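Residue numbers (our numbering), protein chains in the order written: chain R, 1 to 229; chain D, 1001 to 1229. Ideal placement from N, C-alpha and C gives every residue a C-beta, glycine not left out. Computed from a predicted structure; not experimentally measured.
Number of protein chains: 2
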Amino acid sequence: MKISQNIKVAVDAVVFGYQQKELSVLLIKRGIEPFKGAWALPGGLVLENESLEHAVERELLEETGVTIDYLEQLYTFGTPKRDPRNRVISVTYFGLVSPNHFKISANTDAAEVQWFPIHELPKLAFDHTRILTTALQRLQNKINYQPIGFELLKKEFPFSDLENLYQTILNQKIDRRNFRKKIMSFGILTETDKIHQPSSGRPAKLFKFNAKKYKELEKKGFHFEIKFA
Amino acid sequence: MKISQNIKVAVDAVVFGYQQKELSVLLIKRGIEPFKGAWALPGGLVLENESLEHAVERELLEETGVTIDYLEQLYTFGTPKRDPRNRVISVTYFGLVSPNHFKISANTDAAEVQWFPIHELPKLAFDHTRILTTALQRLQNKINYQPIGFELLKKEFPFSDLENLYQTILNQKIDRRNFRKKIMSFGILTETDKIHQPSSGRPAKLFKFNAKKYKELEKKGFHFEIKFA
DNA sequence: GTAACTTTGTGTAAATTCAACACTAAATGA
DNA sequence: TCATTTAGTGTTGAATTTACACAAAGTTAC
């Protein structure tokens, strides 16, 4: 049995944002070899005394300046040759950013930082395409049984934003009436007194997600769940 | 930024079995400090050139002699102080073993190996109780939307075994007629010509899970899913 | 050998949920 | 004021879910 193990532990994050009716991912351009100049997920090595979550948040802040609104562990990738230099296992995270926090402030760690619509992705370094695919699947599954979609919208939003968000993420049309009926039946949206004026067309009421109400209901056995053929 | 990182990478497995109408977990008694003499999940350090999955299977075989019928990654635990000696992050796995493979063959690595019904668990080493809880939740969720329950039964089983399995895992009564109707409607069980004689009572037909059929249906958009209030 | 017991196997009706579908309301701009 | 855009709303038939009880086929004890 080999006594001394030399494996590096990294974290990488797939961070989604929703802007201009598109789902986007936050990427950084690598400044060093290997894959110098290629786009990659933000991430880096975990420090010896920090938690994994802390490492992700730190790297994101260092590399992109973006603060994250929702974060959960995604999957751990550990194939021996995934990094050509050393054995590196990467604990990946899945993050969501609301429109308030889109703003990027790049610095030394990364030559460039950019949001990419998921239908215009560049080639990615390492196995990052696979990681991204895994994250996308997670998102597509999870919005159906957890109210995480709201993290991608402004605090107050017209109902149609929610509708479009779901259609975009799931990549399918959803019947407007049925969708609204379902969401409304949960009782987790609060109608504000504000209204939103679209560039043209009828003004819309603004709603907000009532997290407190959601938690209450959850305790009583309520389960957020939507499904559409 | 700290250049040299010294973090160990381990794997641990929560392996479930179903025997005598009880859900059990495979544990080993630790032979060395820390937590010498305490029960723990099987696992150990990953070798430098092996995949994570390989590490789990190797450790399981070395420590328990049990071969696993279903394995998937569970979660990665990496809190800095979870191991009092060094920083160790543990990539945990979730495994199922069919009755054919229950037999334990202990060896040098572990002083003792044992199946514990989940309602008679001893105190566990490290953060293993938490890992186990996470695994149990995964199992409880997953049997509802993936046909993994069959991995816990013999290849051919009376329908009532399946019924009891679900009731045991979910810890609730399920209406027998509705359950059977639902499962049968999927068309993923094949009736064999054999019958099972219970110690007393009416003999039962034996069924087997038709994995090929399941995959076919899955491709056509079928989704295994059961729910019972 | 029959009565008591145990386990398997099966159907229906009412309630609920889901799916499909189209028009009116309120604003803007030409 | 007319054309255009987006928001907002109900109904009906189909499908699914739930609740519920008794007969069939064997074993065991007397």
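Q | R/Tyr75: contacting residues in chain D (beta-carbon distance under 7 Å) | A | Within the first sequence, the letter at position 75 stands for residue 75 of chain R. Here the neighbours are Gln1073.
(Q) Using 8 Å for Cβ pairs, my map puts D/Glu1048 next to R/Ile89. What's the rounded Cβ distance? (A) Indexing the second sequence from 1 puts residue 1048 of chain D at position 48. Indexing the first sequence from 1 puts residue 89 of chain R at position 89. No, D/Glu1048 and R/Ile89 are not in contact; Cβ-Cβ is about 11 Å, not under 8 Å.
Q) Tell me which same chain residues have a C-beta within less than 7 Å of the C-beta of R/Thr134, skipping the five on either side of it? A) Numbered from 1 along the first sequence, position 134 holds the residue referred to as residue 134 of chain R. Here the set comprises Leu74, Tyr75.
Q) Roughly how many angstroms lie between the CA atoms of R/Thr258 and R/Lys208, to the nearest whole one? A) The structure shown does not extend to residue 258 of chain R, since chain R is modelled only from 1 to 229, so the question has no answer here.
Q: Give, in chain order, every unbroken run of the alpha helix (DSSP H) that is at least 4 residues long and sits entirely within the segment 1017 to 1105 of chain D.
A: Within the segment 1017 to 1105 of chain D, the complete alpha helix (DSSP H) runs of at least 4 residues are 1052 to 1064.
(Q) Within 10 Å of its beta-carbon, does D/Gly1031 have 16 or more other beta-carbons around it, so buried, or fewer, so exposed? (A) Reading the second sequence from its first residue, position 31 is the one you call residue 1031 of chain D. By the neighbour-count rule (16 or more Cβ atoms within 10 Å), D/Gly1031 is not buried but exposed.
Q: Report the residue from R/Ala125, R/Val46, R/Val66 whose alpha carbon sits nearest the alpha carbon of R/Asp83.
A: Here residue 83 of chain R refers to the residue found at position 83 when the first sequence is read from its first residue. Out of R/Ala125, R/Val46, R/Val66, R/Ala125 has the C-alpha closest to the C-alpha of R/Asp83.
Q: May I ask you to report which of helix, strand or coil DSSP gives R/Ile250?
A: What the structure shows of chain R is the stretch from 1 to 229, and residue 250 of chain R is not part of that stretch, so it cannot be assessed.
Q: Determine the burial state of R/Gly149: buried for a count of at least 16 other Cβ atoms within 10 Å of its Cβ, exposed for fewer.
A: Locating residue 149 of chain R in the first sequence gives position 149, counting from the first residue. The residue in question, R/Gly149, is buried, as its Cβ has 16 or more Cβ neighbours within 10 Å.
Q: Please decide whether R/Glu48 counts as near chain D, where near means a Cβ-Cβ distance under 8 Å.
A: As a working note, residue 48 of chain R is residue 48 in the first sequence. Yes, its Cβ sits closer than 8 Å to a Cβ of chain D.
Q | Partner residues on chain R for D/Leu1217, Cβ-Cβ distance less than 7 Å | A | Residue numbering aside, residue 1217 of chain D sits at position 217 when the second sequence is read from its first letter. Ordered by position in chain R, no residue passes the 7 Å Cβ test against D/Leu1217, which lies about 16 Å from the chain.
Q) Which one or two residues does DSSP pair with R/His119 in a beta bridge? A) What you label residue 119 of chain R is simply residue 119 of the first sequence in a count that begins at 1. Looking at the DSSP assignment, R/His119 forms no beta bridge with any residue, so it has no partner.
Q. With 8 Å set as the bound, which would you pick, yes or no: does the beta-carbon of R/Pro34 sit closer than that to a beta-carbon of chain D?
A. Taking the first sequence and counting its residues from 1, one reaches residue 34 of chain R at position 34. No, its Cβ sits nowhere closer than 8 Å to a Cβ of chain D.
Q: Could you give the DSSP three-state label for R/Glu195: helix, strand or coil?
A: Taking the first residue of the first sequence as position 1, residue 195 of chain R is located at position 195. According to the sequence as given, residue 195 of chain R is Ile; it is not Glu. Looking at R/Ile195 - three-state DSSP - the assignment turns out to be strand.
Q: Enumerate in chain order the residues of its own chain whose CB-to-CB distance from R/Gln19 is below 8 Å, with the five nearest sequence positions on each side excluded.
A: Residue mapping note: residue 19 of chain R aligns to position 19 of the first sequence, counting from 1. Its chain contains Pro99, Phe102, Trp115 as the residues whose beta carbon lies nearer than 8 Å to that of R/Gln19, once the 5 sequence neighbours on both sides are disregarded; these appear in chain order.
Q. Near R/Ile195, what residues of its chain come up, given a Cβ to Cβ distance below 8 Å and the 5 sequence neighbours on each side ignored?
A. The sequence position of residue 195 of chain R within the first sequence is 195, counting from 1. Taken in chain order, the residues that qualify are Pro203, Ala204, Lys205, Leu206.
(Q) Threshold first: 3 residues or longer. Then list the beta strand (DSSP E) segments lying entirely within the segment 124 to 173 of chain R, N to C. (A) Runs of the beta strand (DSSP E) inside the segment 124 to 173 of chain R: 156 to 158.
(Q) Please report the straight-line C-alpha distance between R/Thr129 and D/Glu1156, rounded to a whole angstrom. (A) Taking the first sequence and counting its residues from 1, the one referred to as residue 129 of chain R is at position 129. Taking the second sequence and counting its residues from 1, the one referred to as residue 1156 of chain D is at position 156. In a straight line, the C-alpha of R/Thr129 is about 41 Å away from that of D/Glu1156.
Q: Might you give, ordered along the chain, the residues of its own chain that have their beta carbon closer than 8 Å to the beta carbon of D/Lys1173, omitting 5 neighbours on each side?
A: The residue given as residue 1173 of chain D occupies position 173 in the second sequence. Closer than 8 Å at Cβ, skipping near neighbours: Gln1167.
Q | Whole-Å CB distance - R/Leu23 paired with R/Trp39, under 8 Å assumed | A | By one-based count along the first sequence, residue 23 of chain R stands at place 23. By one-based count along the first sequence, residue 39 of chain R stands at place 39. Not quite, the Cβ-Cβ distance comes to about 17 Å (not below 8 Å), so this is no contact.
Q: Starting from D/Asn1006, find everything on chain R with Cβ-Cβ shorter than 9 Å and list it in chain order.
A: Mapped onto the second sequence, residue 1006 of chain D falls at position 6. Going along chain R in sequence order, the residues near D/Asn1006 (Cβ under 9 Å) are Asn6, Glu48.
Q: Keeping to the same chain, check which residues put their C-beta closer than 7 Å to that of D/Phe1186; ignore five residues upstream and five downstream.
A: Along the second sequence, read from residue 1 onward, the residue named residue 1186 of chain D stands at position 186. Excluding sequence neighbours, D/Phe1186 sits near Phe1224.
**Q.** Nearest-angstrom Cα separation, counted from D/Gln1137 out to R/Ile143
**A.** As a position in the first sequence, residue 143 of chain R is number 143, starting the count at 1. As a position in the second sequence, residue 1137 of chain D is number 137, starting the count at 1. R/Ile143 and D/Gln1137: Cα-Cα distance of roughly 19 Å.
Q | Per-residue contacts from R/Val9 into chain D (C-beta, under 8 Å) | A | In the first sequence, residue 9 of chain R corresponds to position 9, counting from 1. Here the neighbours are Gln1005, Ile1007, Val1009, Gly1078, Ile1089.
Q | According to DSSP, residues forming a beta bridge with R/Ala10 | A | Position 10 of the first sequence holds residue 10 of chain R. R/Ala10 is bridged to R/Leu45, R/Ser90.
Q. Hey, would you say D/Ala1013 sits closer than 8 Å to D/Val1056, going by beta carbons?
A. Numbered from 1 along the second sequence, position 13 holds the residue referred to as residue 1013 of chain D. Numbered from 1 along the second sequence, position 56 holds the residue referred to as residue 1056 of chain D. Yes, Cβ-Cβ distance for D/Ala1013 and D/Val1056 is below 8 Å.
Q) Buried or exposed: where does D/Glu1033 fall if 16 or more other Cβ atoms within 10 Å of its Cβ makes it buried? A) Indexing the second sequence from 1 puts residue 1033 of chain D at position 33. Exposed is the call here.
Q: Specify, as a first and last residue, the run of the beta strand (DSSP E) that D/Ala1204 falls within.
A: Here residue 1204 of chain D is taken as the residue at index 204 of the second sequence, counted from 1. Here the beta strand (DSSP E) through D/Ala1204 covers 1204 to 1209.
Q: Assign D/Glu1218 to one of three DSSP states: helix, strand, or coil.
A: As a working note, residue 1218 of chain D is residue 218 in the second sequence. Correct three-state label for D/Glu1218: helix.
Q.
Just to make sure I have the definition right: I need the residues of chain D whose C-beta is within less than 9 Å of the C-beta of R/Ser185. Which are they?
A. The sequence position of residue 185 of chain R within the first sequence is 185, counting from 1. Per Cβ cutoff of 9 Å: no residues; R/Ser185 is ~17 Å from chain D at best.
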